[in-house]
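Worksheet: the structure to be examined is printed underneath.
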Amino acid sequence: MSDSNRELILQSIKSTCENITEDSNGFNNNVTQVFRKMVTYDDSSLTFPVLMVLGGGEVFEDQFDPKTISKLRVKIRGYTKDEHDPEIALNGLIKDVMQVLESKEYNPYYKSYKPVSLDTDEGWLSTEMNGLGLFELTIEILYRFSRSDP
Numbered sequence: 003m004s005d006s007n008r009e010l011i012l013q014s015i016k017s018t019c020e021n022i023t024e025d026s027n028g029f030n031n032n033v034t035q036v037f038r039k040m041v042t043y044d045d046s047s048l049t050f051p052v053l054m055v056l057g058g059g060e061v062f063e064d065q066f067d068p069k070t071i072s073k074l075r076v077k078i079r080g081y082t083k084d085e086h087d088p089e090i091a092l093n094g095l096i097k098d099v100m101q102v103l104e105s106k107e108y109n110p111y112y113k114s115y116k117p118v119s120l121d122t123d124e125g126w127l128s129t130e131m132n133g134l135g136l137f138e139l140t141i142e143i144l145y146r147f148s149r150s151d152p
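Residue 58 in the numbering used here sits at position 56 of the sequence shown, with consecutive numbering throughout.
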């Protein structure tokens, strides 16, 4: 059984995020762990920063032909840990994620992607877990598919 269009897109976004390394194109972070599932920040096997690519809902628009347009919501959640300046570390990771998503070199969906919302923990996690930061970026990917091959 082949992967669905949805899974192919999510895997592609995961691969795109894996390109965030300090030695390439001015990124500030070296992301060594990108997951296609939810992980908790207290997992002792994590090395920060960490990213997760999570599939969200889809909205379908019929085109009265064999193709349908879909708007797939994708959540990219990230954790950083920096005891000296957690907010700067978090903002740096957000900048890197936005930069890699907007790059035609790394993201094959750069033309059909748009950011929808960005939320952060606003420093709350750092007060509980010294230096920890969290963000969640919601993006939308627009793609066309055939009803006979979703």
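Where a beta carbon is used, it is the ideal one built from N, C-alpha and C, also for glycine.
Item to complete: Check whether the stretch 5-15 touches the stretch 101-114, taking contact to mean three or more Cβ pairs, one atom from each stretch, closer than 8 Å.
Response: yes
Item to complete: Could you tell me whether the stretch 73-88 touches the stretch 46-53, using the rule of 3 or more Cβ pairs below 8 Å?
Response: yes
Worksheet item: Between the stretch 84-91 and the stretch 129-141, do three or more beta carbon pairs fall short of 8 Å?
Response: yes
Worksheet entry | Neighbour-count burial assignment, Leu-10, 16 or more Cβ in a 10 Å radius | exposed
Worksheet entry | Sequence ranges, beta strand (DSSP E) only - wholly within the stretch 30-58, length at least 3 | 35-37
Worksheet entry | Contacts around Cys-19, its chain only, beta-carbon distance under 6 Å, and the 5 residues preceding and following it disregarded | Val-36, Leu-53
Worksheet item: In whole angstroms, what is the alpha-carbon distance linking Gly-57 and Leu-74?
Response: 8 Å
Worksheet item: Is the beta carbon of Ile-71 sitting closer than 7 Å to the one on Arg-146?
Response: yes
Worksheet item: Measuring CA to CA, which of Glu-85, Tyr-115, Leu-139, Ser-46 is closest to Asp-121?
Response: Leu-139
Discussion item. For Asp-98 and Asn-30, which I take to be in contact (beta-carbon distance under 8 Å), what is that distance rounded to the nearest angstrom?
Written reply: 6 Å
Item to complete: Starting from Lys-97, follow the alpha helix (DSSP H) in both directions and report where the run begins and ends.
Response: 88-103
Discussion item. With a threshold of 7 Å on Cβ separation, who are the neighbours of Ser-148 within its own chain once the five nearest residues in sequence on each side are excluded?
Written reply: Pro-68, Lys-69
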